[in-house]
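Under the working numbering, the sequence shown has 120 at position 120, and the numbering climbs by one with no breaks.
Note that the Cβ used here is the ideal one computed from N, Cα and C, for glycine as well.
A short worksheet on the structure shown next.
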Amino acid sequence: MKKLLRIALPMLVLPTFSALPMLASAQLTGNVALTTNYKFRGQDQDMIGKNDYAKTKGFKPAIQGGLDYAFGDSGFYVGNWNSSVNWLKGNSIEMDVYGGYKFKAGPLDMDVGALSYIYPGNSSGNTTELYVAGTYANESLGSFTAKYSHTVSKDYFGYAGNKAGSGLKGTNTGYLNLSYSKEIVPKVTLKAAVGYTNMSSDIRSLGYKSYVDYNVGASYDFGNGLSLTGSVQGANKKSSYVAVANPGIDLGFGPFGQTTYSPNKARFILTLTKTL
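Dropping the structure here:
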């Protein structure tokens with residue numbers, strides 16, 4: 001945890017100090033959401049069920065919310081986003097802390113920064129990434145965004161088992177996401193995204209394959225910052241990401257009737273969001 005913070009804090013704190021003279025024009029925004037299933041990069045974030053076996057149901061509600069603080073027109077910002085989760089024993093919340101800088105580069109809106117995913121009850125999942133994103137928005141064509149995130153922490157969401165002493169690392173795991181959105185009729189916006197997680201060589205040596213995730217849906221704007229989004233989310237390489245859902249019966253020559261569940265399974269998800 002301390003090593004992760006030593007990596008992330010300089011990138012989070014230095015932009016803040018450089019923008020202190022502009023505190024008077026700072027802008028604070030917030031958001032809160034309820035979702036029927038929280039997936040991150042195509043994978044369920046609520047996995048632990050009865051007797052620590054995997055949950056197989058599609059309805060796994062989560063409550064989420066965060067705050068963003070922009071330092072006027074300087075381009076610098078910091079923020080925090082949180083969600084209920086259930087995939088690490090002893091932990092029930094994900095806390096994201098991030099900071100960065102937004103600027104124009106010709107027709108592109110650029111965004112560079114650092115983000116730490118923190119799991120207070122079980123730090124084995126803690127992960128820090130650096131990211132860069134570019135967005136091209138056109139009124140008739142829609143909005144296109146490409147974002148790349150690069151892991152700089154010793155592990156990537158616990159996959160390498162570094163904290164447990166595996167000697168393996170998740171450093172240099174990369175994630176590329178391409179997304180598109182466009183208002184197709186008044187108040188209805190089409191949204192689509194595809195991502196690719198390139199696991200580190202150490203993580204791949206454990207049998208976890210690099211994979212593609214997807215998110216396709218639409219949102220309806222009720223006004224006053226309230227919106228409802230329906231989407232299908234999931235990922236491929238399901239056989240590389242499985243957990244035991246039912247242990248079955250051991251007849252002495254292996255389990256009989258054992259069932260498994262993949263967090264990459266496609267699900268239809270509804271999310272109600274209120275922007276404050």
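Practice task
Tell me whether Asn-138 is buried or exposed, calling it buried when 16 or more other Cβ atoms sit within 10 Å of its Cβ.
Solution key: Under this definition Asn-138 is an exposed residue.
Exercise for the section: Kindly indicate the opening and closing residues of the alpha helix (DSSP H) around Asp-213. Expected result: No alpha helix (DSSP H) contains Asp-213, which is instead part of the beta strand (DSSP E) from 211-223.
Exercise for the section: Measure the alpha-carbon distance for Phe-114 versus Phe-256 and round it to whole angstroms. Expected result: A small fix is needed here, since residue 114 is Ala in this sequence, not Phe. Distance between the alpha carbons of Ala-114 and Phe-256: 47 Å.
Exercise for the section: Could you round the C-beta distance between Tyr-241 and Tyr-208 to whole angstroms and report it? I think they count as a contact, below 8 Å. Expected result: Contact flag correct, Cβ pair sits at about 7 Å.
Practice task
Classify Met-1 as helix, strand or coil using the three-state DSSP reduction.
Solution key: Because the pLDDT at Met-1 is just 36, under 50, the model does not fix this residue reliably, and the value given afterwards should be weighed accordingly. Coil at Met-1, not helix or strand.
Handout entry: Residues bridged to Ala-114 [DSSP beta-bridge criterion]
Key = As computed with DSSP, Ala-114 is found in a beta bridge with Gly-99 and Leu-130.
Problem - Where Asp-155 falls: helix, strand or coil (DSSP) - result: Annotated three-state conformation of Asp-155 is coil, per DSSP.
Problem - For Ser-201, the first and last residue of its enclosing alpha helix (DSSP H) - result: Its alpha helix (DSSP H) spans residues 201-204.
Problem - Cα-Cα separation between Gly-223 and Phe-71, rounded to whole angstroms - result: Gly-223 and Phe-71 have their C-alpha atoms some 26 Å from each other.
Problem - One or two residues paired with Val-242 in a DSSP bridge - result: As far as DSSP is concerned, Val-242 takes part in no beta bridge.
Handout entry: Backbone CA spacing between Tyr-156 and Ser-181 [nearest angstrom]
Key = C-alpha of Tyr-156 to C-alpha of Ser-181: approximately 29 Å in a straight line.
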